[in-house]
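The structure appears below as structure tokens.
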Amino acid sequence: MSQRKIVVLSGSIVLFLLLGVILVTSWYTVDESEQAVIMTFGKVDEEISEAGLHFKLPWPIQQVDILPRETFSLTFGYDEEDGEIVDYPEETKMVTGDENIVLADLVVQWRITNPKQFLYYSDEPKEILYNATSASLRGVIGSSEIDEALTSGKAEIEGNVRDILTKLIDRYEIGISILDVKLQDVELPNDEVRKAFTNVVDAREQKETTIYGARKYKNQELSVVEGQKDARISRAEGDKAQRIEQARGDVATFNALYNEFKDNPDITRQRLVLETLEEVLPDTKIYITDEGGDTVKYLPIQPAKENKTTTEKPKGSETNE
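Quick note, the working numbering runs 5 ahead of the 1-based positions in the sequence shown.
As structure tokens, this is what we get:
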């Protein structure tokens with residue numbers, strides 16, 4: 006083979022390889038769950054977020070780095086190995102604001118939102134996230150009391166850790182956004198301390214139950230007393246109205262008697278005497294007598310069905326009961 010043919014054949018092979026490299030390195034695909042960064046001569050030129058087939062200049066002019074869009078979970082204080090949970094108590098041991106020791110671990114949900122920062126602003130963004138998570142959690146636990154950390158204050162602790170961690174990540178500019186923070190376990194370091202605290206919690210719950218029962222009994226008794234008070238006030242108002250009406254009736258009766266007395270004083274006086282005797286001695290029989298000749302006529306003041314109309318007695322046998 007002549008030297009010319011060798012040169013032509015070698016050139017053809019190089020050209021073929023060059024064309025292959027151009028074709029292979031000029032096209033790339035971005036999935037819906039991915040995002041890409043285009044670099045031109047080592048400098049970030051463009052960020053690609055649209056899914057599909059894309060064209061770029063061949064290597065080594067441009068190159069592409071593809072990153073996932075999925076949500077990642079960072080576990081602090083434990084890890085999963087072959088489906089089993091492995092704890093790291095030395096990492097989770099913390100001191101509360103009231104100088105008690107607790108073990109706290111959590112999960113941080115995060116996502117890559119700035120591929121440029123994530124790839125080129127730091128060497129180990131995941132390590133930075135882990136250290137920032139540790140600092141945030143320890144800071145919040147260190148300013149909280151043990152009761153808050155173990156019982157009702159967990160939601161507030163999660164919120165504070167999320168806020169502090171978000172500010173740290175934004176300051177570090179590592180291209181990560183914090184989605185959520187969840188405390189997994191906050192517990193005491195040994196069984197003896199845990200049992201003592203459990204007894205304290207039980208006593209506190211018993212206290213709250215007793216206070217609740219006392220308040221309930223108090224409210225029931227207050228309701229009964231209020232009802233009795235309203236009933237007595239109502240009866241008193243009724244008695245008041247009755248006595249006022251009775252007094253008005255007595256005044257009207259007195260005025261009527263007074264007017265009768267002014268017109269017929271003798272008759273009115275006798276009538277009042279008879280009515281008074283009838284009220285004071287209700288069983289006494291009262292007769293009105295009239296002497297005429299040898300007999301005394303009397304008229305009984307009582308129902309006609311119980312007495313005769315008139316009766317005559319011998320003179321001198323008058324009787325009043």
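Even glycine gets a Cβ: it sits at the ideal position worked out from N, Cα and C.
Handout entry: contact_flag[the stretch 102–122, the stretch 175–187] where n(CB pairs < 8 Å) is 3 or more
Key = The stretch 175–187 and the stretch 102–122 touch, with three or more beta-carbon pairs separated by less than 8 Å.
Handout entry: residue 95, buried or exposed, once every other Cβ within 10 Å from all chains shown has been counted against 16
Key = Result: exposed.
Handout entry: Limits of the unbroken beta strand (DSSP E) element including residue 141
Key = For residue 141, there is no enclosing beta strand (DSSP E); the enclosing alpha helix (DSSP H) has its first and last residue at 130–147.
Handout entry: Terminal residues of the alpha helix (DSSP H) in which residue 283 lies
Key = Here the alpha helix (DSSP H) through residue 283 covers 270–285.
Practice task
Please classify residue 60: is it buried, with 16 or more other beta-carbons within 10 angstroms of its beta-carbon, or exposed?
Solution key: Residue 60 comes out exposed.
Handout entry: Contact under 8 Å by Cβ, residue 76 with residue 58
Key = The criterion of a C-beta distance shorter than 8 Å is not satisfied by residue 76 and residue 58.
Practice task
Go through its chain and collect everything with a Cβ distance to residue 169's Cβ below 6 Å, but skip five positions before and after it.
Solution key: Cβ within range, chain order: 141.
Exercise for the section: Along the alpha helix (DSSP H) that carries residue 168, what are the first and last residues, could you check? Expected result: 159–177 is the span of the alpha helix (DSSP H), which, as asked, contains residue 168.
Handout entry: residue 71 versus 231, 97 and 51, residue with shortest Cα-Cα distance
Key = Scanning 231, 97 and 51 for the CA closest to the CA of residue 71 turns up 51.
Handout entry: residue 167 classed as buried or exposed, judged by whether at least 16 other C-beta atoms fall within 10 angstroms
Key = So residue 167 counts as buried.
Problem - Proximal residues to residue 209 (C-beta, below 6 Å), its chain only, five neighbours per side dropped - result: Within the same chain, residue 209 has no close Cβ partners at all.
Handout entry: Check whether residue 194 and residue 106 have beta carbons under 8 Å apart
Key = Against a cut-off of 8 Å, the Cβ pair of residue 106 and residue 194 comes out as a contact.
Problem - N-terminal and C-terminal residue of the alpha helix (DSSP H) that residue 97 is part of - result: Boundaries of the alpha helix (DSSP H) harbouring residue 97: 94–97, taken from the DSSP string.
Practice task
Within 10 angstroms of the Cβ of residue 298, are there 16 or more other Cβ atoms? Answer buried if so, exposed if not.
Solution key: Any reading at residue 298 is ruled out, since the residue's pLDDT is 49, under 50, leaving its predicted position unreliable.
Exercise for the section: Starting from the C-beta of residue 2, find all residues in its chain whose C-beta is less than 7 Å away, skip the five residues before and the five after it, and write them out in chain order. Expected result: A query on residue 2 cannot be resolved here, the shown segment of the chain reaching from 6 to 326 and no further.
Handout entry: Outcome for residue 82 when other beta-carbon atoms lying within 10 angstroms are tallied against a minimum of 16
Key = Result: buried.
Handout entry: DSSP-derived helix/strand/coil call for residue 116
Key = Here residue 116 sits in strand by DSSP.
Problem - Euclidean distance between Cα positions of residue 158 and residue 165 - result: About 11 Å.
Practice task
Could you spell out the range, first to last residue, of the beta strand (DSSP E) harbouring residue 41?
Solution key: Per DSSP, residue 41 belongs to the beta strand (DSSP E) from 39–45.
Problem - residue 325 classed as buried or exposed, judged by whether at least 16 other C-beta atoms fall within 10 angstroms - result: Any reading at residue 325 needs caution, since the residue's pLDDT is 41, under 50, leaving its predicted position unreliable; the model's value is listed next. With fewer than 16 Cβ atoms within 10 Å of its Cβ, residue 325 is classed as exposed.
Exercise for the section: Could you tell me whether the Cβ atoms of residue 147 and residue 102 are closer together than 8 Å? Expected result: Yes, they are a contact pair.
Problem - Range covered by the alpha helix (DSSP H) that runs through residue 152 - result: Counting along the chain, the alpha helix (DSSP H) containing residue 152 begins and ends at 151–155.
Practice task
List the residues that DSSP assigns as beta-bridge partners of residue 71.
Solution key: Beta-bridge pairing links residue 71 to 41.
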